[in-house]
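One structure is given below, encoded as structure tokens.
Number of protein chains: 2
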Amino acid sequence: MTAEAVEGPVLVVGAGLIGASVAMALTRAGVDTYVRDIDTTAAQVAASRGGGSADRLPQDPALVVVATPPDVLGAEIARALRTYPSAVVTDVGSVKSEPVRQLREAGALSSRYVGGHPMAGSERSGPLAAAADLFDGRAWAVVSRPECDRAAVDQVTALVALCGAVAVPMSAQEHDVAVARVSHLPHLIAALTAAQLGGAPPEHLALSGQGVRDVTRIAGGDPRLWRQILTANAAAVGALLASLRDDIDEVVESLAAGDAERVEKILAAGVEGTSLIPAKHGGPPLALQVVTVAVPDQPGALAKLFSDAGAAGVNIEDVRIDHDPARAFGLVELSVAADAAAGLGHALTERGWAVHG
Amino acid sequence: MTAEAVEGPVLVVGAGLIGASVAMALTRAGVDTYVRDIDTTAAQVAASRGGGSADRLPQDPALVVVATPPDVLGAEIARALRTYPSAVVTDVGSVKSEPVRQLREAGALSSRYVGGHPMAGSERSGPLAAAADLFDGRAWAVVSRPECDRAAVDQVTALVALCGAVAVPMSAQEHDVAVARVSHLPHLIAALTAAQLGGAPPEHLALSGQGVRDVTRIAGGDPRLWRQILTANAAAVGALLASLRDDIDEVVESLAAGDAERVEKILAAGVEGTSLIPAKHGGPPLALQVVTVAVPDQPGALAKLFSDAGAAGVNIEDVRIDHDPARAFGLVELSVAADAAAGLGHALTERGWAVHG
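Residue numbers (my numbering), protein chains in the order written: chain A, 455 to 811; chain B, 455 to 811.
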């Protein structure tokens, strides 16, 4: 990550959810920002919500952020490179190989173009859903090629930092394989699961809980946008889908055979998978550490311990009580985030608890 | 729904996430509550967090809530009916036909038993994750049989209301088909999607955004619990899985053939599916209504309109601006929740805006 500031003026082309949010983040940071869209209402709404100016265009932008739908991405990047011959040009598209291929074919690929892809979105679309902090703590792929200008890469990396996101440098091909797995497949699966609801009597849907809402939330995304994304990354998505279909076959067989062990093994692979998703800001999954406390065997003691731990601002992830009838107290093992263990130990000691290594 | 109060004392058998949360809701409401678990730590933790007493058992509970894992549900319901011959007995299990079958087979089925299933849960388990408001606004299936005592049905319905949930009466068979679709299939699909992450290089997982987190969140649930749920409802789940597999085949083919139209059609069915999920508290999906406002053609006017709408506490779902060069103002159409439209109209009129029908 660079500490350099984003150089303005910046022109954002496309005032949808992502474009408008980038424009709002730039304006909030004091960067001279302009927003343009073929839908002038969208551009006006983005500007009115703090996304800069929609009435004028900059003469000579230092940076152009192309935030159009995937179908026209290559053409709009080419246009920006041509119209503003000294500007750095980036984009926020969900697929990265295809626009590079299009630019190369058109002889328009320039060392001033550095691709980008913020891993933020919403089931809502358009500038009304935009927010300056949409990218806070999110990964943002920065997709450069060996021939890219160093200054262009720095400018795009500075944009990522300004938006509060974490820059993840990778090649276009690597990016497309990665997002097939962490974004495009989940979207498709959410859509297919939601589509299954169509066959249900309404009174059955009354039993919908938070689980099905979470699993299907992103399925509400714009089908015209997602059709473009999925077809532009068809090979990588298709391969993963085929693999998932094989797993489904295995579950169908296991359920039919009443093979509970095999079902559990598949579910355990899912638990393992969720543990691989890095924490926000790219941190590693939570590591736990045990803090052991002697607790007198009297009513309310355990409740007071939880209350004191809560007052110390520490989340208890698990608890185990060691009952020894020969002692007048029990040993309670509190599992907490490793980086909170020392602080919890101090806080509990201060409150009069006997804390063991 | 009944306005009757829950009659105590209540014994909750099983101090996991659901049992402990029920005990906490009962205790919060002033009902004399006892909690028991073969894991005495779990019962103690539940009690210390406000779930009643874990040290004693009531002599003659009016209601027993069985909240054990599915595998032992039938046996524990039978035990409660036998041990407390005048108590109403309910449970919170995810599958409803299987325990009834077991009770009938054992000659233990009683008119005092009324099944239940709150549609609330978490990827976390155990009493540390419990909360008295876990069920707030959630559906809670009340599964009675024609021969059930009216008083037993009323007592269970009162428990649902006390927990802040919405009682949904249905038969055991209907319930099991419904939850296969709105709970068990989504859980399996989340697990399978999460399992696909296992094959990815860590640097690819750095691109994980909110979408994949939401889709896979419930996959973190306990595999031993879910194996029991899925195998107890194998036929209904298997049928839906097979249907989903056919849909995946169609997507794989469409992507391979570059048939974007067909991909969009599948995605649109997903959008339609998400719109079928009722709002919390069982309300219908959001209906929209348009409020039209004349906005002077001057800088900042649109921003002021959004700000005034926000001050009125109304969420704008969509906006359209009608540009007419012959007029000195534009007509802005704000789409808002139908039941908020009149209030927004009044609020904007009061603030000096010209609001049209």
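Cβ atoms here follow ideal geometry from the backbone N, Cα and C, with glycine treated the same way.
Source: prediction; values computed, not measured.
Contacts that residue i makes with chain A (C-beta to C-beta distance below 7 Å)
i: Pro553/B; result: Going along chain A, no residue has its Cβ under 7 Å from Pro553/B, so there is no contact; the nearest lies around 17 Å.
i: Glu718/B; result: Pro677, Arg678, Arg681
i: Asp839/B; result: The displayed coordinates of chain B run from 455 to 811. Any statement about residue 839/B would go beyond what the structure contains.
i: Leu721/B; result: Ala645, Pro677, Trp680, Arg681
i: Gly665/B; result: Gly575, Ser637, Pro640, His641, Ile672
i: Leu659/B; result: Val636, Leu730, Ile731, Pro732
i: Leu471/B; result: By Cβ distance, chain A contributes nothing, its closest Cβ being about 13 Å from Leu471/B, past 7 Å.
Member of the options whose CA lies at the smallest distance from the CA of residue i
i: Val666/A; options: Leu679/B, Ala593/B, Leu798/B; result: Ala593/B
i: Val768/A; options: Ala710/A, Pro753/A, Ser789/A, Leu588/A; result: Ser789/A
i: Thr725/B; options: Thr647/A, Gly724/A, Leu709/A, Gly712/A; result: The amino acid at residue 725/B is misidentified as Thr; the sequence shows Val. Checked all of Thr647/A, Gly724/A, Leu709/A, Gly712/A; the closest Cα to Val725/B is Thr647/A.
i: Val631/A; options: Leu694/A, Asp491/A, Gln650/A, Pro623/A; result: Leu694/A
i: Thr685/A; options: Gly712/B, Ala459/B, Asp762/B; result: Gly712/B
i: Asp772/B; options: Asp751/B, Ala795/B, Ala755/B; result: Ala795/B
i: Thr670/A; options: Arg533/B, Leu730/B, Asp486/B, Val568/B; result: Leu730/B
i: Ala689/B; options: Leu709/A, Ile683/A, Leu698/A; result: Leu709/A
i: Ala561/B; options: Val476/B, Asp608/B, Arg533/B; result: First, the residue type needs correcting, since residue 561/B is Gly and not Ala in the sequence shown. Nearest of Val476/B, Asp608/B, Arg533/B to Gly561/B, Cα basis: Arg533/B.
i: Leu480/A; options: Ala586/A, Glu577/A, Asp603/A, Gln556/A; result: Ala586/A
i: Glu530/B; options: Ala516/B, Gln513/B, Val520/B; result: Val520/B
i: Val597/B; options: Arg566/B, Phe589/B, Gly618/B, Gly575/B; result: Arg566/B
i: Gly591/A; options: Met624/B, Leu661/B, Gly570/B, Glu559/B; result: Leu661/B
i: Cys602/B; options: Val568/B, Leu613/B, His641/B; result: Val568/B
i: Val620/A; options: Gly570/A, Val464/A, Val518/A; result: Gly570/A
i: Glu715/A; options: Asp751/B, Pro677/B, Thr746/B; result: Pro677/B
i: Val464/A; options: Gly504/A, Val499/A, Val518/A, Asp493/A; result: Val518/A
Proximal residues of chain A, C-beta to C-beta of residue i below 8 Å
i: Thr670/B; result: Pro640, Gly724, Gly727, Thr728, Ile731
i: Val706/B; result: Gly692, Leu695, Ala696, Arg699
i: Ser598/B; result: Ordered by position in chain A, no residue passes the 8 Å Cβ test against Ser598/B, which lies about 15 Å from the chain.
Cβ-based burial, residue i [other Cβ within 10 Å; buried from 16]
i: Glu707/A; result: exposed
i: Met455/B; result: Any answer about Met455/B is weak, because its pLDDT of 41 lies below 50 and its placement is not dependable; what the coordinates show is given next. Its Cβ having fewer than 16 others within 10 Å, Met455/B is exposed.
i: Gly470/A; result: buried
i: Ala765/B; result: exposed
i: Ile643/B; result: buried
i: Ala733/B; result: exposed
i: His810/A; result: exposed
i: Pro581/A; result: buried
i: Asp491/A; result: buried
i: Ala649/B; result: buried
i: Gly754/B; result: exposed
i: Asp545/A; result: buried
i: Trp807/B; result: buried
i: Asp668/B; result: buried
i: His800/B; result: exposed
i: Leu511/B; result: exposed
i: Val466/A; result: buried
i: Pro656/B; result: exposed
Where residue i meets chain D, residues with beta-carbon distance less than 9 Å
i: Asp772/B; result: Although the question refers to chain D, the structure presented lacks it and instead comprises the protein chains A and B.
Partner residues on chain B for residue i, Cβ-Cβ distance less than 8 Å
i: Arg503/A; result: Ala757, Phe760
i: Ala654/A; result: Ala632, Arg635, Val636, Leu730
i: Ala765/A; result: What Ala765/A touches in chain B: nothing, since even the nearest Cβ is about 15 Å away.
Partners in chain B for residue i, counting only beta-carbon separations shorter than 9 Å
i: Gly712/A; result: Thr685, Ala688
i: Val744/A; result: Per Cβ cutoff of 9 Å: no residues; Val744/A is ~14 Å from chain B at best.
i: His810/A; result: What His810/A touches in chain B: nothing, since even the nearest Cβ is about 18 Å away.
i: Ser475/A; result: Those within 9 Å of Ser475/A in chain B number zero; the least Cβ separation is about 14 Å.
Chain-ordered chain A contacts of residue i [CB-CB under 9 Å]
i: Ile775/B; result: Thr494, Thr495, Gln498, Val499
i: Leu785/B; result: Here the premise fails: no neighbours, minimum Cβ distance about 11 Å.
i: Ser540/B; result: Ordered by position in chain A, no residue passes the 9 Å Cβ test against Ser540/B, which lies about 30 Å from the chain.
Per-residue contacts from residue i into chain B (C-beta, under 7 Å)
i: Ser548/A; result: Near Ser548/A there are no residues of chain B at all, since even the closest Cβ is about 11 Å away, more than 7 Å.
Against chain A: residues of the stretch 565–594 of chain B by CB proximity under 7 Å: Met573, Ala574, Gly575, Leu582, Arg592, Ala593
Residues of the stretch 791–804 of chain B whose Cβ lies closer than 8 Å to any Cβ of chain A, in chain order: none
Whole alpha helix (DSSP H) elements within the stretch 584–620 of chain B, 4-residue minimum: 604–616
Entirely enclosed beta strand (DSSP E) segments - the stretch 483–518 of chain B, minimum 3 residues: 487–490
Selection of the stretch 604–627 of chain A by Cβ proximity to chain B, strictly under 9 Å: Val620, Val622, Met624
Continuous alpha helix (DSSP H) assignments of at least 4 residues falling wholly in the stretch 705–732 of chain A: 714–730
Where the stretch 502–531 of chain A meets chain B: residues whose CB sits under 7 Å from a CB there: Contacts with chain B (Cβ-Cβ distance below 7 Å) from the stretch 502–531 of chain A involve Ser502, Arg503, listed in chain order.
Interface residues of the stretch 477–489 of chain A facing chain B [CB-CB below 9 Å]: Taking 9 Å as the cut-off between beta carbons, none of the residues of the stretch 477–489 of chain A comes near chain B.
Complete runs of the beta strand (DSSP E) confined to the stretch 528–568 of chain B [at least 3 residues]: 542–545
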